[in-house]
Each structure stands twice: as structure tokens, then as C-alpha cells.
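Q: Residue numbers (our numbering): 1334 to 1419. Okay, handing you the structure first.
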Ligand code: SF4
Ligand code: SF4
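The following block contains the structure:
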């Protein structure tokens, strides 16, 4: 198992933030984050915790899932986002 979440940097999660209350101020009105530039996060080092899979695991989900299970659930969400693209 990787020791960090294996993000492919597709950017789909950052284009679908409208249902995430913690990111409501970042919504550009289309559901995409205002900080996504050229498919990369322009505030990556200062991005909120909700954007950090490993931080969220440690903070909220460690008692409910193994890290492997949590990565798998997140990867399933990534896949759904990519499949629904457009
Ligand atoms: S949808 Fe998943 S793989 Fe794509 S950028 Fe977001 S976290 Fe990474
Ligand atoms: S802050 Fe960065 S990582 Fe978080 S949704 Fe916006 S572009 Fe994506």
C-alpha cells in the first residue's frame, strides 16, 4: 500500500466542490474551485484540510477505517467523478 494517497492529479475533485460546505467560499459559481489553475491547485501548500486525504484520515476517519480502506473509498469517488466528467 502507498504511504500517501495515490492521486493522479486529474483535478476532477476540484471541479466538483459545490456539495462541500467547507469549500463553499471557493466555488467559482460553476462548482469548480477558484484556486484550480491549469489543472493544479495554486494554494496547494496552504489548501484546507478537507482537500488533504491523509490529514482527513488522521483527523476524522482513523477510528472507522484502515488507511487502505479509506484510500479505496476515496479512489472509488475519484473514479465516479472521472466517469461523470462532462
Ligand atoms: S479526483 Fe482523485 S485522483 Fe483526481 S485530483 Fe482529485 S483526488 Fe486526485
Ligand atoms: S483548494 Fe486546491 S485542492 Fe482544494 S479544491 Fe481548491 S484547487 Fe482543489
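For every residue, glycine included, the Cβ atom is placed at its ideal position computed from N, Cα and C. Here the structure is a predicted model, which means the values were calculated and not measured.
Got a sec? Which residues, its chain only, sit under 8 Å from residue 1392 by beta carbon, not counting five neighbours each side?
A: 1382
Q: Is it right to say residue 1406 is buried, meaning 16 or more other beta carbons lie within 10 angstroms of its own, or is it exposed?
A: So residue 1406 counts as exposed.
Q: What's the C-alpha gap between residue 1343 and residue 1417?
A: One Cα belongs to residue 1343, the other to residue 1417, and the distance between them is close to 13 Å.
Q: Could you check how far apart the C-beta atoms of residue 1356 and residue 1340 are, in whole angstroms? I think they sit under 8 Å.
A: Cβ atoms of residue 1356 and residue 1340 stay farther apart than 8 Å, at about 17 Å.
Q: Note down the Cα distance separating residue 1423 from residue 1413, rounded to an integer number of angstroms.
A: The structure shown does not extend to residue 1423, since the chain is modelled only from 1334 through 1419, so no value can be given for it.
Q: With DSSP collapsed to three states, give me the class of residue 1342.
A: coil
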